[in-house]
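Scroll down for the structure; my scribbles are underneath it.
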Amino acid sequence: MTLPEIAKLGHVALVTPDFEKSLWFFRDVIGLEVTEEKNGTTYMRAWGDFEHHSLSLTPGDRAYIDHIGWRTKRPEDVEGFAELLEKAGTEVTWIEAGEEAGQGRAIRFKLPSQHSFEIYYDVEKPKADVKTRSVLKNQSHKSWNRGISPRRFDHVNIATSMDVAEIIDYLGTQLGFKLREYVKYNNENVMAGWMSVTPLVHDIAVIKRPEAKTPNQLHHISYWSDNAQDILRAADILKENGINFVGPGKHGISQAFYLYVCDPGSGCRVELFSGSYLIFEPDWEPVEWTEEDHSIGNTYWGDSVMDKELNKPTIEA
Numbered sequence: 001m002t003l004p005e006i007a008k009l010g011h012v013a014l015v016t017p018d019f020e021k022s023l024w025f026f027r028d029v030i031g032l033e034v035t036e037e038k039n040g041t042t043y044m045r046a047w048g049d050f051e052h053h054s055l056s057l058t059p060g061d062r063a064y065i066d067h068i069g070w071r072t073k074r075p076e077d078v079e080g081f082a083e084l085l086e087k088a089g090t091e092v093t094w095i096e097a098g099e100e101a102g103q104g105r106a107i108r109f110k111l112p113s114q115h116s117f118e119i120y121y122d123v124e125k126p127k128a129d130v131k132t133r134s135v136l137k138n139q140s141h142k143s144w145n146r147g148i149s150p151r152r153f154d155h156v157n158i159a160t161s162m163d164v165a166e167i168i169d170y171l172g173t174q175l176g177f178k179l180r181e182y183v184k185y186n187n188e189n190v191m192a193g194w195m196s197v198t199p200l201v202h203d204i205a206v207i208k209r210p211e212a213k214t215p216n217q218l219h220h221i222s223y224w225s226d227n228a229q230d231i232l233r234a235a236d237i238l239k240e241n242g243i244n245f246v247g248p249g250k251h252g253i254s255q256a257f258y259l260y261v262c263d264p265g266s267g268c269r270v271e272l273f274s275g276s277y278l279i280f281e282p283d284w285e286p287v288e289w290t291e292e293d294h295s296i297g298n299t300y301w302g303d304s305v306m307d308k309e310l311n312k313p314t315i316e317a
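Residue 317 is where the sequence shown ends in full-length UniProt numbering, and the numbering goes up by one at each step.
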């Protein structure tokens, strides 16, 4: 029997109490393209994203992540994951085709931390309209069409008050994620882990936040740009729009060039991300960082307020 596999990160469904401000931020400042508006939800993607959406915005009375979506490698993998998860004691809910715009039948379930995941395969890949369509056949939209204009959706970082090792084990055992780097304090407690199903250093990260109000918090979502100069350009665009940010800087863990900014409508933190490295080794050994390594691992160089500002989750997930 072939085990089901996740192919990639698909999307995040964000609920925001100030829809118009969030729409302005993600569409006009970040520069995402609107794919569709349906039943009060706006679906968006970056110019290098091919799926129907990598982010959806829905108005609500508070800010939270409704779910994080993952696409499987094969159509039958959705049913395969449903069976495996139910055997492991995870409650699974089926989402019928069309309930989420641009997407086929899917399952939703919760991690032990209560973060809500969605797994699907069938998804629309609509072409851009004639005004925003790229002349390149291997690209969905024109690049640099608006705002910061990141190329693609990159990763999510979730925070929890639970035992991080338990969540890392669940992601690995039940969903097939591989641990790439991790932080361990006092040679005992795992405080954070970076995991992926692709050659990226992380498609998802999990971090310990003991002070979090709930075990299911979001630390940030991330969009990727081609190089460090794009991140510097993003800083200018944010400043021109009166939006504060943290960075630019460079992480030791993942070796990524970063800038962090919060959506003024929801408080959702967005990492604008570039650089990093890819993992092609089949026998990769996870890299351990200790408490003594913290200053290098977290902020290799960059903004001195980084640790203080980014120690907090943003919204419930």
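For every residue, glycine included, the Cβ atom is placed at its ideal position computed from N, Cα and C.
Q: Could you give the DSSP three-state label for Tyr170: helix, strand or coil?
A: Tyr170 falls in the helix class under three-state DSSP.
Q: Look at Gly60 and Pro112 and say whether their C-beta atoms are less than 8 Å apart.
A: Taking 8 Å as the Cβ cut-off, Gly60 and Pro112 do not qualify as a contacting pair.
Q: Return the chain-ordered list of same chain residues with a C-beta closer than 8 Å to the C-beta of Asn145, the five sequence neighbours on each side being excluded.
A: Within the same chain, Gly31, Glu33, Trp47, Thr132 come within 8 Å of Asn145 by CB-CB distance, once the 5 residues on both sides are set aside.
(Q) So for Glu288, helix, strand or coil by DSSP? (A) It is a strand residue.
Q: Enumerate in chain order the residues of its own chain whose CB-to-CB distance from residue 320 is below 6 Å, with the five nearest sequence positions on each side excluded.
A: Shown here, the chain extends from 1 to 317; a query on residue 320 therefore has no answer.
Q: Could you check the C-alpha separation between Leu57 and Ala97 for me, to the nearest Å?
A: Whole-angstrom Cα-Cα distance: 19 Å.
(Q) Assuming Glu83 is part of the alpha helix (DSSP H), what are its boundary residues? (A) Under the DSSP assignment, Glu83 falls in the alpha helix (DSSP H) whose first and last residues are 76-87.
Q) Taking the DSSP output, what are the residues bridged to Pro59? A) By DSSP's assignment, Pro59 forms a beta bridge with Thr16.
Q | Which listed residue (Thr2, His219, Ala7) has its alpha carbon closest to that of Ser196 | A | Of Thr2, His219, Ala7, the residue nearest in Cα terms is Ala7.
Q. Terminal residues of the continuous alpha helix (DSSP H) containing Asp230?
A. Asp230: member of the alpha helix (DSSP H) spanning 228-240, first to last residue.
Q) When the Cβ atoms of the stretch 164-172 are set against those of the stretch 186-193, are three or more pairs found closer than 8 Å? A) By the C-beta criterion, the stretch 164-172 is judged to be in contact with the stretch 186-193, since at least 3 inter-stretch pairs fall below 8 Å.
Q. Would you call the stretch 254-262 and the stretch 273-286 touching, i.e. three or more CB-CB distances under 8 Å?
A. Yes, the stretch 254-262 is in contact with the stretch 273-286.
Q) Would Ser225 pass as a contact of His155 if the rule is Cβ separation under 8 Å? A) With respect to His155, Ser225 sits apart: the two C-beta atoms are not nearer than 8 Å.
**Q.** Spatially closest choice to Asp283 from Arg180, Ser295, Ser54, Glu211, by CA coordinates
**A.** Measuring from the Cα of Asp283, the nearest candidate turns out to be Arg180.
Q: Name the residue from Glu240, Ser134, Gly10 whose alpha carbon lies nearest to the alpha carbon of Phe153.
A: Per the Cα distances, Gly10.
Q: State the Cα-Cα distance for the pair Gly104 and Thr198, rounded to the nearest angstrom.
A: The alpha-carbon of Gly104 is positioned some 23 Å away from that of Thr198.
Q | First through last residue of the beta strand (DSSP E) which encompasses Leu179 | A | That run of the beta strand (DSSP E) goes 178-185.
Q) Hey, Ile148 and Val29 are a contact pair by Cβ (cut 8 Å); roughly how many whole angstroms apart? A) Cβ-Cβ separation between Ile148 and Val29: approximately 7 Å, consistent with a contact (criterion under 8 Å).
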